[in-house]
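No gaps in the numbering here: position 88 of the sequence shown is 70 in the numbering used here, and each next residue is one more.
Here a beta-carbon is modelled for each residue, glycine too, at the ideal position from N, C-alpha and C.
Since this is a predicted model, take the numbers as computed values, not measurements.
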Amino acid sequence: MEINDKSGVENYMANTNRYEAMIYNRTGKSGVLLPAISIGLWHNFGFVDSIQNGRDILRTAFDLGITHFDLANNYGPPYGSAEENFGTIFKKDFKPYRDELFIASKAGYDMWPGPYGNWGSRKYLVASLEQSLKRMGLDYVDIFYHHRPDPETPLEETMVALADIVRQGKALYVGISNYQPEDTQKAAKILKALNVPFILHQARYSMFDRWVENGLLNTLGENGVGCIAFSPLAQGMLTDKYLNGIPEGSRAARNLTYLEKETVANNLKKIQKLNGIAQQRGQELSQMAIAWILRQPQVASVLVGASSGDQLRENVKALDNLSFTDGELKLIDEIVS
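This is how it looks when you write it as structure tokens:
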């Protein structure tokens, strides 16, 4: 009897030319090369989203040479669902390619109720990674991050927990995220003494949010640690979405906590001027914004989210023009300052 499956979903076979066009950058002084653009699963991969769309995004990413998939315990929504959906997609499409992938998870924000489901204790980090591995169907992650500094837990406890996770074979490398330069330096010193491969700091970085330039990038360079930038498009402001105001249905129109109407309105003239520079460069504003971050030698990769495979393809075109003239950089500085 015939199978009457009209879904159009075929078994996945990766593009055999996937490594030919992507740029790979060394991560600090480690042996790891990351794609210049990586895919983040913060949005569009939760239970509230279409898993088939997520599957298409990840297939598109890998076919473009994007080997780094970035997750965290609380990605969704709801919490944990991005990892669970990723686990389903991984089993169906990517298990044969496991050794070609660099998969990340993190812990540091609230994940479950009670005193052991948040921040940076050894108890929390070890338990969270165990849960993450089960959700994703993995034996190990390539890198495990402490997602944010904990003002109450001694830094030594958090770093030793990361070190023991590596020694247990549950992560190959460790990283931190959202740490200020001083604590980054302290963490690097502790991890070096423990002989643990600390290779990445994940930080928010965009034309509109340049805090990493006030000491962090130098600290990372001095310690041989790479930077991977998230929110490079400033929650969508550095795209063509808001060039003519705030469209209905956009994040700003819904007044979500991470992007308010007032923020967009205050930056609208800057967005329009930056778009003019991008057009002169033959790029979309989003592509220029990604290229601008990659000019920093400490930045190994830029994390982008995508709502579709087509959007991801457009972002990757940023790599077609990564050079800036001194005049362009000066003008960008004048606009955003």
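Across the set Lys105, Lys74, Val14, the C-alpha of Lys74 shows the shortest separation from the C-alpha of Val(-9). The Cβ atoms of Tyr127 and Lys88 lie closer than 8 Å to each other. Excluding its 5 nearest sequence neighbours in each direction, Ile71 has C-beta neighbours in its own chain below 8 Å: Ile33, Gly36, Arg37, Leu40, listed in chain order.
For the pair Asn(-3) and Ile253, the Cα-to-Cα distance works out to about 36 Å. Contact between Ser63 and Gly28 is confirmed by a C-beta separation of about 4 Å, below the 8 Å threshold.
Under DSSP, Ile317 forms no beta bridge with any residue. Leu250 places its beta carbon 8 Å or farther from that of Gly10. If you check the CB distance, Tyr98 and Tyr106 come in under 8 Å. Residue burial is scored here from C-beta neighbours: Gln265 has at least 16 other C-beta atoms within 10 angstroms and is therefore classed as buried. Residue Phe76 holds the alpha-carbon nearest to the alpha-carbon of Asn(-7) among Tyr187, Leu176, Phe76. Note that the C-beta distance between Pro163 and Leu198 is below 8 Å. When the five nearest sequence neighbours on each side are left out, the beta carbons in the same chain lying within less than 8 Å of the beta carbon of Tyr79 are those of Ala(-4), Phe44, in order along the chain. Here Trp274 is buried: its Cβ has 16 or more other Cβ atoms, across all protein chains shown, within 10 Å. With 16 or more other Cβ atoms inside 10 Å of its own Cβ, Thr221 counts as buried. By alpha-carbon distance to Leu16, the top candidate from Asp124, Gly309, Tyr224 is Asp124. The three-state secondary structure of Pro78, taken from DSSP, is helix.
By the CB criterion at 8 Å, Leu120 and Ile85 fall inside the cutoff. Rounded to the nearest whole angstrom, the C-alpha separation of Pro95 and Asn56 is 13 Å. Around the beta carbon of Thr307, fewer than 16 other beta carbons sit within 10 angstroms, so the residue counts as exposed.
If you check the CB distance, Ile5 and Asp52 do not come in under 8 Å.
Beta-bridge analysis with DSSP links Ile158 to His128, His183. Around the beta carbon of Arg149, fewer than 16 other beta carbons lie within 10 angstroms, which makes this residue exposed. A buried status is given to Tyr161, since no fewer than 16 other beta-carbon atoms sit within 10 Å of its beta-carbon. Per DSSP, Ser114 is one residue of the alpha helix (DSSP H) stretching across 104 to 118.
Our two residues, Ala247 and Asn257, have alpha carbons roughly 15 Å apart in a direct line. Counting only residues of its own chain and dropping the five nearest sequence neighbours on each side, Ser12 has a CB closer than 8 Å to the CB of Tyr155, Pro179, Ile181, Gly206, Gly208.
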